[in-house]
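K.L.:
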Amino acid sequence: MLAELRQKSQITIPREIVAKLGLSEGDKLEIFERDGTICMMPVVVYPKKYIDELLGEINEAKAKIASGEQPAFDSVDALFAKLEEK
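Using my numbering, the first residue of the sequence shown is number 28, and each one after it goes up by one.
1) Could you pull out every residue in the same chain whose Cβ sits closer than 8 Å to the Cβ of ILE38, ignoring the five residues on either side in sequence?
2) I need the boundaries of the beta strand (DSSP E) containing ARG33, first residue and last residue.
3) Only counting runs of 3 or more residues, tell me where the beta strand (DSSP E) segments fall wholly within the segment 40 to 91, in order along the chain.
4) Tell me where the alpha helix (DSSP H) around ASP104 begins and ends.
5) In terms of alpha-carbon separation, which member of PHE59, ILE58, ARG42 lies closest to SER51?
6) According to DSSP, simplified to helix, strand and coil, what is ALA99?
The following block contains the structure:
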């Protein structure tokens with residue numbers, strides 16, 4: 028498909044590609060150059076507060092695992108076996 032570079036360096040992404048990727052207005056795209064090719068990749072941008080909260084939860088879980096308060100399992104089967112004991 029052919030796209031034309033317009034005023035202010037804008038292009039239109041062909042409708043077929045937008046539909047195939049499930050893109051909609053407001054979606055974010057990472058744009059980068061690699062070996063002379065312009066690449067665009069859909070991305071999700073999360074608010075910093077959300078990422079910080081998630082990181083806090085991960086650190087709490089790691090601390091519980093390290094202290095032995097939270098069991099860790101080598102497999103899903105081991106987890107289910109433990110759950111079935113109760």
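Cβ atoms here follow ideal geometry from the backbone N, Cα and C, with glycine treated the same way.
P.N.:
According to the data block:
1) Here residue 38 corresponds to residue number 11 of the sequence shown, with the count starting at 1. The answer, listed in chain order, is ALA30, GLU31, LEU32.
2) To locate residue 33, count along the sequence shown from 1; it is residue 6. Where ARG33 is concerned, there is no enclosing beta strand (DSSP E), given that its DSSP letter is neither H nor E.
3) Runs of the beta strand (DSSP E) inside the segment 40 to 91: 55 to 61, 64 to 70.
4) By one-based count along the sequence shown, residue 104 stands at place 77. Element bounds for ASP104: 103 to 112.
5) Counting from 1 along the sequence shown, the entry for residue 51 is found at position 24. Looking at the Cα atoms, ARG42 is the closest of the given residues.
6) For the purposes of this step, residue 99 is taken as the residue at position 72 of the sequence shown. Coil at ALA99, not helix or strand.
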